[in-house]
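Have a look at the structure below, then the notes.
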Amino acid sequence: MDSKLIKRLAAAAMCAALAISMAACGQSEPETDPHEGMAYVNTGANWEWITPAEGVAVSSFTEEEFSTDEEGLPVYNGDKYDTRLGIDVSFYQGVIDWEAVAADGIEFAMIRCGYRGSETGEMVVDEQFENNIQGALDAGLDVGVYFFSQSTGAIEAAEEANFVLNLIDGYNITMPVAFDWEPLEGSRAEDIDRSELTASAVVFCEMVKDAGYTPCVYLYRYTGYYEYMMERLADYELWVGALGTWPDFYYEHLLWQFSMTGRVNGIDADVDLDMQFIPRPADTEIALPSA
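Heads up: the sequence shown runs through residues 3 to 293, numbered per this note's numbering.
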């Protein structure tokens, strides 16, 4: 037999033996991570993997930055934000003693100015809107408003924005004006798709911004992850309803609704409690005087 052929056969045999040996030792190609580029998040009901929206700022909050005070309220201990305690209210809280609310440490209020009927589609002014907004302002609170939407698309969202802007004209609104769409079983807007819902929020926010106010979108964790196209909301503030001891929503937000069963002096009912995060100025280096 030719000596070159023998050498080739021997080399092939050695390669085959090496491959068998590696397989026997469990050595194989590394598996691809099925969750590469994804984020593991609390949706409010479960922990699930999501694909993050492109171009949307991610929250910097960590659980370690928060503790709980003697009254059971969350406390932010980080160094990036100052915080303020606030409430959001509607006619469900009845007649409110706003002076007592302010004396109890509440610094701002998000007030429902109106809503769209989930069945009729009619837009209605909240029964306590005028009392609440004037009372809160008179007590020295910073005030924002929200509209409970059941929009089925951009046209109805534009109607809602006009409705809100007419209601708040003449009031000193220093907090955001929020679009608050929430899924309701049996609602005329129950089958709205992500594109239509997102378009509703964008149209509302753009009209609010054009009128000189700060636009905002209120959402739950699940709504943000699965109902909205978050990449289209990157330019607006988020107000997140995430009940718990720290704000664990994946995307950056500066308003956090952390309780729906708060108790505040001046209100004879449970009330939603909110925390506002105010970014602290970045440290600046002071130039030394020249010699």
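Yeah, the Cβ is synthetic: ideal placement off N, Cα and C, and Gly gets one too. Bear in mind the structure is a predicted one, so any value in this text is a computation, not a measurement.
Considering only residues of the same chain and omitting the five flanking positions on each side of residue i, which have a CB-CB separation below 6 angstroms?
{"i": "D71", "result": "V77"}
{"i": "M209", "result": "A163"}
{"i": "D106", "result": "V266 and N267"}
According to DSSP, simplified to helix, strand and coil, what is residue i?
{"i": "T122", "result": "coil"}
{"i": "S151", "result": "strand"}
{"i": "T206", "result": "Reading off the sequence shown, one finds Phe at residue 206, where the question assumed Thr. DSSP places F206 in helix when its eight states are reduced to three."}
{"i": "A26", "result": "Per-residue confidence for A26 stands at a pLDDT of 48, beneath the threshold of 50, marking its modelled position as unreliable; the derived number appears in the next sentence. If DSSP states are grouped into helix, strand and coil, A26 belongs with the helices."}
{"i": "G80", "result": "coil"}
{"i": "F34", "result": "The sequence as given places Thr at residue 34; Phe does not occur at that position. Reduced to three states, the DSSP call for T34 is coil."}
{"i": "R196", "result": "helix"}
{"i": "R325", "result": "Examination of residue 325 is not possible in this model, given that the chain is present from 3 through 293 alone."}
{"i": "G243", "result": "strand"}
{"i": "M177", "result": "coil"}
{"i": "L275", "result": "strand"}
{"i": "M232", "result": "helix"}
{"i": "I280", "result": "strand"}
{"i": "D128", "result": "coil"}
Under 7 angstroms Cβ to Cβ from residue i, same chain only, skipping five residues before and after it: list those, please.
{"i": "A213", "result": "L167"}
{"i": "I381", "result": "Nothing about residue 381 can be reported from this structure: the residues present for the chain run from 3 to 293 only."}
{"i": "I52", "result": "M40, A41, V43 and Y227"}
{"i": "E73", "result": "none"}
{"i": "R196", "result": "E229, Y230 and M231"}
{"i": "L245", "result": "F260, S261 and M262"}
{"i": "M24", "result": "Reliability of the predicted coordinates at M24 is poor, the pLDDT of 48 falling under 50, and the value obtained from them is presented with this limitation in mind. Taken in chain order, the list of residues that qualify is empty."}
Can you check whether the CB of residue j is closer than 7 angstroms to the CB of residue i?
{"i": "A271", "j": "Q95", "result": "yes"}
{"i": "E198", "j": "G155", "result": "yes"}
{"i": "L240", "j": "V219", "result": "yes"}
{"i": "V205", "j": "M177", "result": "no"}
{"i": "E67", "j": "G80", "result": "yes"}
Which same chain residues, not among the five before or five after residue i, have their C-beta less than 8 angstroms away from its C-beta?
{"i": "I280", "result": "Y83, D84, T85, R86 and L256"}
{"i": "S189", "result": "S120, E121 and Q152"}
{"i": "L169", "result": "C115, G116, V127, F131 and V147"}
Pop quiz: residue i and residue j are said to be a contact at Cβ under 8 angstroms. What is the actual Cβ separation, rounded to whole angstroms?
{"i": "D182", "j": "F149", "result": "6 angstroms"}
Minimum length 4: unbroken alpha helix (DSSP H) runs contained in the region 62 to 107: Listed in chain order, they are 100 to 105.
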